[in-house]
Amino acid sequence: MSAKSENMRVKGLSRRSLLSAAALGPLGLAAPARAASPAPVPKVASLDYGLASTLMNLGITPTAIVSLADWDKWVIEPEIPAGVTDLGNGWEINFEVLAMLKPDLILTTPYLDALKPRLETMGKVLRLEIYDASGGAVLSKAYAATRELAQAVDRVAEGDTFLARADVYFDDCRKRLALIGAPPVVLMGFLDARHARVYASPGLYDNVLSRIGVENAWKGQGNYWGFETIGIEDLARVTNPRARLIAFEPVPGDVLPKLAESPLWKALPISQPGRFSVIPGALMFGMVNDAMRFAHLLTEHLENTA
Amino acid sequence: MTAIAAAPGRLAGPPLVTIIIALAAAAFAVLRLEPELVAISQQAPGYDIRQVVLLYSTLPRMATALLAGAALGLSGSLFQQVLRNPLASPTTLGVSAGANLSLALATLYMPGLLGFGRDLVALAGSAIAAGLVFLLGARRGFSPFSLVLSGLIISLWCGALSAVLVMLNDRWLASLFIWGAGSLSQQSWVIPLSLLPKVAMAGLLAWLIVRPLGLVELGEAGATALGVDTARLRLLAIIVAVALAAFVTSAVGVIGFIGLVAPIIARLSGARRSGSVLLWSALIGAALLWLADGVVQYLAGAFSDFLPTGAVTAVFGSPLLLLLLHRLKVRHRVLPEQGRILSRRLQASPGLTLAAIAGLALLVAAALLVGRAADGDWALLQPDLYIDILPLRFPRVLGALSAGAMLAIAGTILQRLTGNEMASPEVLGIGAGATIGVTVTIFIVASPGFGLQITSAAAGALAVLGLVVGFALRGGLLPERVLLAGIALSAMVDAVVGVLSSTGDPRAMFLLRWMSGSTYGMETSTALAVVAAAIVLVTAAASAHRWLDILPLGPAPAAGLGLSLPRSRLFLFALAGLASAAATLCVGPLSFIGLMGPHLARECGLLRARPQILGAALLGGGLMVVADWLGRTIIFPYQIPAGLVSALVGAPFLMLLMRRK
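Residue numbers (this note's numbering), protein chains in the order written: chain A, 61 to 366; chain B, 16 to 676.
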């Protein structure tokens, strides 16, 4: 026990140096705008992946994150340094951990409104709306939420730099995609060999598509999270002959072999070789950080297969 | 219609019913196919994706619906005849829960196995579950009761474990929701073509055991006298029924209600002999599922949304059951195990009571003080943390204790009142009612606070309680009708959650968590209210012990002893209803404690009503405290709802007890 806590303390102390030394991805995600910020680093607990990834991009490593164990499965970038505490499952945030950590600020979303009164007894709470029943364009809400967050943690300059970098990046993607005359796309995640989620308006993926000038060939309307659950045969509704079908990882093990045996799948115009592909995933219910990762993955893929 | 009513013995009813259902199904099929056919006929010959969709999606889907429906009807009819229990269905023996669990495990830990085939994995799971049920049942000579009880325990256990896995991996296991809700969507003929020979073979086998099955219906003694080996015959029939259900569940998922409803319709419409019940159950099952799927696709088209058929069959299967209830023949049963354990009877002495209470107090103290630190290390709570942590733990422990006790007394009352070992608060539909209340609320308010949740749950629970009691009053308060009404409601709630889950609606996670029975939402004020309710209700139940001793003897002796049947039953039902409602409000519909508490008390030898009630309350409360503590600590900082843990821990315990004898 003592060895473990010792270890954690050491890592905790060197968190900032670790952060600046962290390997930067192609996007420079989570690269702090300045090497060291004059403002003191607050202890922040994030109850949302998107808010946590945004916070990292403002140069603050959260003290605790919800469902940290699954971060590498869904968010992937930026990498979380050691020493961050796991708050447990999204629906049952571990109040005992929160009470012991005594954070300066707790970041939450409308998804967890039921917990808000109790969270407020444990520290200052900031509730940011990106995905809620009122709907609306997710990406611009994420921009607004990023500014609000930057203000709350006293990192306004870092926030502006981050959003400016995102804009530059999206513009760059737009130019690169226009150059190759990017085709319309259908974005989906396989649930099993017979069902999938298609990402539709008004989701984050859909918003990014219009930001970088790619047409979403799925014309259906999604829920406010921006997806629709379909049977594979519904893909026949996509009539655009140029449309490409892109599935995100992870794909369950039996899906592709089973589909290979399906006459319907084989007959779908959109599943033909050259039109269908699988690429790594980005958090579909995320914020600007995740929008950039998605734009990056899609642009690279479309360029490589142009 | 008058002709049927006048001559229910002749076979005028079943064909008519089948034809009516099939015609309705055909109407929906035409409705769906017509635009496609018109579009295809207008096209120039050559490639057309709509033709491919018709050929490889629409038509195989219909074939699958017919085959799966027939298989489930056949399977349910076999179960109901062999077990002589109108509540039996293909899911009663844990087949689909076992399949579901094996799929969840494979998806999470051995995704490579799914490459070999989802069906194989699911079949293996259902075979293991059914095997376990048989193993337990064999100890008691395959008596219908012990089989159903073992099946139910296995089913609950698998269901609880799958739910834990789903909850801990909510984003990852979305496909399991769909599978669990039974989607018939097809992209090739592979599934119907592989189902056809399996179902045909099992159907043939069922046909061969029809005649001797008819003898079993004459009664155990009669059949034995005629030289029929009843145990072996039952085993064979059950294997066939399990296989049929396993084929369907592994191919398209859980479509349980058809297997329960089809045989009931067959019997109610006038099929009497075993053979005709089997035949018409299969045909009615096929027509029913075809109709259900037609309606589902029609609705899905209208709302342009994804709807899983299995969940929808339950949505409109349950009201159908409610409508048919008053025609069901009901006979009173005496609890079979009564008196078997008399020899090992515990004396309910003051010393024993004191020891039990002291044990419980120790348990509560341990649950409060032993836990984990923020870094995950096990630790005894340090005094300087009391002020931060105890206000978080105390309400949960108190809530768990009281809820467990209340569920256990509700279960005791229901089991004594109905003579049915399967009776438990969830079966009464109270938990379902509370869940309906919360469901309605989250559709109106996106994220209701705790106060609103509790208010709406109470409203739902009381509404169902009123409905059930009112319904039961008109039917003369026959216990089995009340149970069936409750089951129908519970199935409807499950179905709604299933539909939500498979569309990926985030509200489904909320409902799932709510239904799994977590003490997470307890706060000091609610916990104290629940404790008060528990004290009042347990006292009331214990003081009604005379009724509870006499009623299980059957209506005639009870009336002979000068008991007013309707009044005593109404009082006891209301008591059970209030206890389950109060428990459900704070920790969700934790039916397992309501099932376990009374059984454990009886297994301990507490046979008379008062000791059984008090024993069940202590055991139920204690079990729940342990479950809650395990749920809070075992995978810290993640948490497992106490209701699920109690099922996971309690079921093997109960099985051990059963095996020992």
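Backbone N, C-alpha and C define an ideal beta-carbon position, used for all residues, glycine too.
- C-alpha of residue 106 of chain A to C-alpha of residue 456 of chain B: approximately 27 angstroms in a straight line.
- The region 276-291 of chain B and the region 107-126 of chain B do not touch, with fewer than three beta-carbon pairs separated by less than 8 angstroms.
- Comparing C-alpha distances from residue 590 of chain B to each of B/559, B/639, B/530, B/568 shows the shortest one belongs to B/559.
- Ranked by Cα distance from residue 133 of chain A, the options A/109, A/142, A/152 are led by A/109.
- Contacts between residue 539 of chain B and chain A, judged by CB atoms closer than 8 angstroms, are missing: the closest CB pair is about 12 angstroms apart.
- Looking at the backbone, the Cα of residue 173 of chain A and that of residue 167 of chain A are separated by about 11 angstroms.
- Our two residues, residue 476 of chain B and residue 124 of chain B, have alpha carbons roughly 39 angstroms apart in a direct line.
- Using a 10 angstroms sphere on the CB of residue 208 of chain B, the tally of other CB atoms stays under 16, which defines it as exposed.
- Among the bridge pairs identified by DSSP, residue 339 of chain A is matched with A/308.
- Listed in chain order, the positions of the region 405-416 of chain B with a beta carbon within less than 7 angstroms of a beta carbon of chain A are 407.
- Judged by DSSP secondary structure, residue 644 of chain B falls within the alpha helix (DSSP H) whose first and last residues are 624-648.
- Under DSSP, the beta-bridge partners assigned to residue 276 of chain A are A/245.
- Rounded to whole angstroms, residue 353 of chain A and residue 336 of chain A show a C-alpha spacing of 20 angstroms.
- Residues of chain A whose Cβ lies closer than 8 angstroms to the Cβ of residue 122 of chain B are, in chain order, 312.
- Judged by DSSP in its simplified three-state form, residue 187 of chain A adopts strand.
- Beta-bridge annotation (DSSP): residue 257 of chain A is paired with A/249, A/289.
- Within a 10 Å sphere around the beta-carbon of residue 393 of chain B sit fewer than 16 other beta-carbons, which makes this residue exposed.
- Taking C-beta separations shorter than 7 angstroms and ignoring five residues to either side along the sequence, the partners of residue 537 of chain B in its chain run 410, 411, 414, 601, following chain order.
- Using a Cβ-Cβ cut-off of 7 angstroms, residue 127 of chain B is close to 313 of chain A, given in chain order.
- Around residue 336 of chain A, no beta-carbon contact reaches into chain B at under 9 angstroms, the shortest distance being about 14 angstroms.
- Around the beta carbon of residue 29 of chain B, a 10 Å sphere encloses 16 or more other beta carbons of the protein chains shown; the residue is thus reported as buried.
- If you compare the alpha carbons of A/307, A/217, A/318, A/258 with that of residue 282 of chain A, the shortest gap goes to A/258.
- Per DSSP, residue 106 of chain A is one residue of the beta strand (DSSP E) stretching across 104-106.
- With respect to residue 85 of chain B, residue 145 of chain A sits apart: the two C-beta atoms are not nearer than 9 angstroms.
- Three or more Cβ pairs closer than 8 angstroms define a contact, and the region 112-126 of chain A meets that threshold against the region 142-158 of chain A.
- About 6 angstroms separates the beta carbon of residue 273 of chain A from that of residue 237 of chain A, a gap short enough to meet the 8 angstroms contact definition.
- Annotation: residue 231 of chain A to residue 241 of chain A spans about 15 angstroms, alpha carbon to alpha carbon.
- For residue 246 of chain A, the closest of A/302, A/223, A/225, A/233 by C-alpha to C-alpha distance is A/302.
- Looking at the DSSP output, residue 387 of chain B shares a beta bridge with B/393.
- Contact between the region 42-54 of chain B and the region 304-315 of chain B is present, with at least three C-beta pairs closer than 8 angstroms.
- Setting aside the 5 residues that flank it on each side, residue 594 of chain B is surrounded in the same chain by 421, 424, 425, 552, each with a C-beta closer than 6 angstroms to its C-beta; the list follows chain order.
- Bridge pairing for residue 281 of chain A: A/261 [DSSP].
- With a cutoff of 9 angstroms on beta-carbon distance, residue 203 of chain B and residue 75 of chain B are scored as near each other.
- Per DSSP, residue 599 of chain B lies in no beta strand (DSSP E) segment; the continuous alpha helix (DSSP H) that holds it begins and ends at 580-602.
- For residue 404 of chain B, same chain residues with a beta-carbon under 8 angstroms away, outside a window of 5 residues either side, are 386, 396 in chain order.
- Nearest C-alpha to residue 400 of chain B among A/156, A/116, A/295, A/209: A/156.
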